[in-house]
Amino acid sequence: MSDIINGKLLAQDIRNNLKEEIKKLYNKFKKKPGLAVIQIGEIPASTVYVKAKTKKAIEVGIEVFDHKLNNLDSEEDLIKLILKLNKDENVNGILVQLPLPKNFNENKILETIDPKKDVDGFHPYNVGILSTSQISDKDLLIPCTPQGCLLMLKNLGLNIVGKKAVIIGRSNIVGKPMASLLLRESCTVTIAHSKTELLPEICKEADILIAAVGKPEFVKGDWIKKNSIVIDVGINRIEKKDGDSIKTEIVGDVCFEEAKKVASFVTPVPGGVGPMTIACLLKNTTTAFKSYHCQ
Ligand code: NAD
Numbered sequence: 260m261s262d263i264i265n266g267k268l269l270a271q272d273i274r275n276n277l278k279e280e281i282k283k284l285y286n287k288f289k290k291k292p293g294l295a296v297i298q299i300g301e302i303p304a305s306t307v308y309v310k311a312k313t314k315k316a317i318e319v320g321i322e323v324f325d326h327k328l329n330n331l332d333s334e335e336d337l338i339k340l341i342l343k344l345n346k347d348e349n350v351n352g353i354l355v356q357l358p359l360p361k362n363f364n365e366n367k368i369l370e371t372i373d374p375k376k377d378v379d380g381f382h383p384y385n386v387g388i389l390s391t392s393q394i395s396d397k398d399l400l401i402p403c404t405p406q407g408c409l410l411m412l413k414n415l416g417l418n419i420v421g422k423k424a425v426i427i428g429r430s431n432i433v434g435k436p437m438a439s440l441l442l443r444e445s446c447t448v449t450i451a452h453s454k455t456e457l458l459p460e461i462c463k464e465a466d467i468l469i470a471a472v473g474k475p476e477f478v479k480g481d482w483i484k485k486n487s488i489v490i491d492v493g494i495n496r497i498e499k500k501d502g503d504s505i506k507t508e509i510v511g512d513v514c515f516e517e518a519k520k521v522a523s524f525v526t527p528v529p530g531g532v533g534p535m536t537i538a539c540l541l542k543n544t545t546t547a548f549k550s551y552h553c554q
């Protein structure tokens with residue numbers, strides 16, 4: 260049976276440490292780290308994420324500046340807002356909640372954010388720095404979800420140098436930065452994706468398996484190597500029959516009950532990667548504040 264990696268608890272530890280650090284920073288600079296959160300339109304899942312991020316940010320002492328644009332506002336309006344926030348000394352981090360409306364050019368928007376305020380770590384400058392390792396870890400703005408996955412891995416205290424890591428998913432926000440991070444840790448990294456052949460066999464070789472697919476319970480128990488570490492990034496809402504009624508449940512990309520029987524460590528959904536993502540956003544905001552004030 261696996262040990263269940265408690266992302267909720269680890270995220271709480273990170274937030275407690277940040278709270279203390281932010282207090283000290285406030286005493287020194289008489290300023291709080293500032294995070295601007297921009298949401299366009301009213302996608303219900305985005306509203307839930309924005310609320311959760313805002314609540315946790317305020318709890319650790321970050322000042323949050325909420326900006327809501329409606330669907331009628333144009334890409335130009337959003338760019339103007341970002342340019343204004345780039346110049347605002349009270350704003351250390353800018354987060355544009357994705358996905359954007361279909362008619363918006365996501366790359367153009369993300370490239371407008373000042374790389375020093377890019378707390379999501381999606382700007383091509385930060386992506387480049389991550390893959391070429393030019394700045395010390397403490398200054399890097401690393402995408403929050405893969406950063407959270409790595410912190411969970413490191414917290415296990417195991418030597419992962421030379422270990423075989425398989426990441427399922429090649430998105431810019433999870434799969435690719437996860438690969439860069441694990442390569443920096445000297446893992447042997449494979450990225451699998453929708454066109455990968457023989458996926459179960461590839462997964463079966465993984466000492467570390469990271470699933471970021473977006474398909475409920477996609478990874479089965481017999482794809483998993485015995486005594487491996489399984490990190491489940493997926494968040495999928497599914498409907499399950501509960502007596503006469505239907506209830507909505509959140510499940511990951513890994514069949515948790517099966518994985519538990521094979522792996523040494525496995526993350527649950529919910530309570531695994533999700534809370535770590537938010538904790539790393541707060542960490543990045545604090546890093547951006549320190550880079551601005553402590554140079
Ligand atoms: P995405 O849709 O951008 O990417 C999915 C990836 O899965 C693609 O690269 C695709 O090639 C791959 N894929 C699709 N079908 C496949 C198949 N049959 N075999 C192998 N690979 C396949 O998604 P994303 O933004 O990377 O997110 C992935 C999942 O992680 C989603 O469930 C998302 O909700 C979740 N997520 C969670 C957090 C968190 O904080 N826990 C953060 C970001 C994303």
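First residue of the sequence shown? That's 260 in my numbering, and the numbers climb one at a time after it. Glycine included, each C-beta is placed from N, C-alpha and C at the ideal position.
Three-way DSSP call (helix, strand, coil) for residue i in this model
i: residue 451; result: strand
i: residue 248; result: Since the displayed the chain opens at 260 and closes at 554, residue 248 lies outside it and no answer follows.
i: residue 377; result: coil
i: residue 443; result: helix
i: residue 267; result: helix
i: residue 507; result: strand
i: residue 382; result: coil
i: residue 327; result: strand
i: residue 393; result: coil
i: residue 515; result: helix
i: residue 304; result: helix
i: residue 274; result: helix
i: residue 470; result: strand
i: residue 322; result: strand
i: residue 524; result: strand
i: residue 533; result: helix
i: residue 368; result: helix
i: residue 406; result: helix
i: residue 316; result: helix
Under 7 angstroms between C-beta atoms of residue i and residue j
i: residue 351; j: residue 551; result: yes
i: residue 439; j: residue 465; result: no
i: residue 326; j: residue 297; result: yes
i: residue 513; j: residue 472; result: no
i: residue 341; j: residue 372; result: yes
i: residue 437; j: residue 483; result: no
i: residue 274; j: residue 538; result: yes
i: residue 424; j: residue 467; result: yes
i: residue 528; j: residue 518; result: no
i: residue 349; j: residue 293; result: yes
i: residue 476; j: residue 510; result: yes
i: residue 541; j: residue 319; result: yes
i: residue 299; j: residue 268; result: no
i: residue 442; j: residue 448; result: yes
i: residue 545; j: residue 354; result: no
i: residue 344; j: residue 295; result: yes
i: residue 460; j: residue 419; result: no
Residue environment, residue i, which counts as buried when at least 16 other CB atoms sit within 10 Å
i: residue 421; result: exposed
i: residue 408; result: buried
i: residue 415; result: exposed
i: residue 446; result: buried
i: residue 543; result: buried
i: residue 411; result: buried
i: residue 379; result: buried
i: residue 462; result: buried
i: residue 520; result: exposed
i: residue 406; result: buried
i: residue 331; result: exposed
Near the ligand NAD: residue i beta-carbon under 6 angstroms from a heavy atom
i: residue 443; result: no
i: residue 427; result: yes
i: residue 392; result: no
i: residue 432; result: yes
i: residue 471; result: yes
i: residue 494; result: yes
i: residue 536; result: yes
i: residue 552; result: no
i: residue 380; result: no
i: residue 404; result: yes
i: residue 530; result: no
i: residue 533; result: yes
Any non-hydrogen atom of the ligand FMN within 6 angstroms of residue i CB
i: residue 453; result: In the structure shown, the ligand FMN is absent; the only ligands present are the ligand NAD.
7 angstroms Cβ cutoff, residue i in contact with chain D
i: residue 536; result: Although the question refers to chain D, the structure presented lacks it and comprises just one protein chain.
> Three or more beta-carbon pairs under 8 angstroms between the stretch 505-517 and the stretch 378-395, yes or no?
Replying inline: no
> Counting Cβ pairs, one atom from each stretch, are 3 or more of them under 8 angstroms apart for the stretch 523-533 and the stretch 489-498?
Replying inline: yes
> Per the contact definition of three or more C-beta pairs closer than 8 angstroms, is the stretch 445-462 in contact with the stretch 391-400?
Replying inline: no
> Are the stretch 301-308 and the stretch 333-344 touching by the rule of at least three beta carbon pairs closer than 8 angstroms?
Replying inline: no
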